[in-house]
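Colleague: I have a structure I would like to understand better, so I am pasting it below and will then ask my questions one at a time.
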DNA sequence: GACCAGGCACATC
DNA sequence: GATGTGCATGGT
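Numbering (our numbering), first residue to last: -17 to 210.
Set out below in structure tokens:
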């Protein structure tokens, strides 16, 4: 594997970004009408196609559940579950949504503006303590709802970059995140677009069964400073 | 009908 | 700490 990759042309992560941006253009994530809606979307999209999440969000909007965190929290879990059914895992996700709104109401008076004042590392730890918010959802919220320079790692990121020799696919979330963080400028716009571009690339070319004949990254060895 | 999708928590070893 | 499993709908 290593010898094979060594014969390929190599690019660093910044060049890969430029390459993808040039091909696909700005993705303008996150698709949400408000900070609150972005957070709800981040939870609903866990292991779920965005098209299904859109249906769930549409239901929530129609029933005025997104007008405020307090409003959403007041909805009975069973009713909430029905509304978000198209997004899949609706029973667990209904609890997760209420876990977030419960946290927000109890600790910050239901005001997202207060969360926005918190230091990134502290906020990250607080979000990760909420049952149902793992590292990817947490970092998506930090990046897309609160504009913090945090790189979001998802299954696509691991799949694509492990195929190009950057790390093994079973590397930990933190390890992969560190690779990107240490090899890119700490820039909210770049982190925002990079993650979205990876998703775009994956949807176009990189399903679970590799079929990358037309992939823009075909034949490239990707090099980066490693992390300890 | 099989496979996949912008994960996470929990049980078990 | 690593590994396996349940959670579920909708598109291809």
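All C-beta atoms in this analysis are idealised placements derived from N, C-alpha and C, irrespective of residue type, glycine included.
Can you say whether residue 10 is buried or exposed, counting buried as having 16 or more other CB atoms within 10 angstroms of its CB?
Modeller: Counted from its first residue, the first chain places residue 10 at position 28. Classification for residue 10: exposed.
Colleague: Look at the Cβ atom of residue 2, then the Cβ atom of residue 179, and state whether they are nearer than 9 Å.
Modeller: Within the first chain, numbered from 1, the residue matching residue 2 stands at position 20. Within the first chain, numbered from 1, the residue matching residue 179 stands at position 197. Yes, these two residues count as a Cβ contact at 9 Å.
Colleague: So for residue 57, helix, strand or coil by DSSP?
Modeller: Residue mapping note: residue 57 aligns to position 75 of the first chain, counting from 1. Of the three classes helix, strand and coil, the one that applies to residue 57 here is coil, per DSSP.
Colleague: Excluding the 5 residues preceding and the 5 following residue 74 in the sequence, name in chain order all residues of the same chain whose CB lies nearer than 8 Å to its CB.
Modeller: In the first chain, the residue the question calls residue 74 occupies position 92. Excluding positions up to five away in sequence, the list reads 114.
Colleague: What's the gap between the Cα of residue -10 and the Cα of residue 204?
Modeller: Counted from its first residue, the first chain places residue -10 at position 8. Counted from its first residue, the first chain places residue 204 at position 222. Approximately 9 Å, taken between the alpha carbons.
Colleague: For residue 89 and residue 176, what's the separation of their Cα atoms in angstroms?
Modeller: For the purposes of this step, residue 89 is identified with residue 107 of the first chain, where counting begins at 1. For the purposes of this step, residue 176 is identified with residue 194 of the first chain, where counting begins at 1. C-alpha separation (whole angstroms): 32 Å.
Colleague: Check whether the Cβ atoms of residue 72 and residue 66 lie closer than 9 Å to each other.
Modeller: Position 90 of the first chain, counted from the first residue, corresponds to residue 72. Position 84 of the first chain, counted from the first residue, corresponds to residue 66. Against a cut-off of 9 Å, the Cβ pair of residue 66 and residue 72 comes out as a contact.
Colleague: Could you give the uninterrupted runs of the alpha helix (DSSP H) lying entirely in the stretch 68 to 103, keeping only those of 4 residues or more?
Modeller: 72 to 90, 94 to 97, all fully within the stretch 68 to 103.
Colleague: How many Å lie between residue 80 and residue -5 at the Cα?
Modeller: Mapped onto the first chain, residue 80 falls at position 98. Mapped onto the first chain, residue -5 falls at position 13. Taking the straight line from one Cα to the other gives about 38 Å.
Colleague: What's the gap between the Cα of residue 92 and the Cα of residue 63?
Modeller: Here residue 92 refers to the residue found at position 110 of the first chain. Here residue 63 refers to the residue found at position 81 of the first chain. Cα-Cα distance, rounded: 21 Å.
Colleague: Below 8 Å CB to CB, which residues in the same chain sit around residue -17 once its five sequence neighbours on both sides are set aside?
Modeller: Here the question's residue -17 lines up with position 1 in the first chain. Here the model assigns residue -17 a pLDDT of 47, short of 50, so the residue's position is not dependable, and the following value carries that caveat. For residue -17, where only same-chain residues beyond five positions count, the Cβ hits under 8 Å are 147.
Colleague: Between the beta-carbon of residue 132 and the beta-carbon of residue 102, is there less than 9 Å?
Modeller: Sequence index remark: in the first chain, residue 132 carries index 150 (1-based). Sequence index remark: in the first chain, residue 102 carries index 120 (1-based). Yes, Cβ-Cβ distance for residue 132 and residue 102 is below 9 Å.
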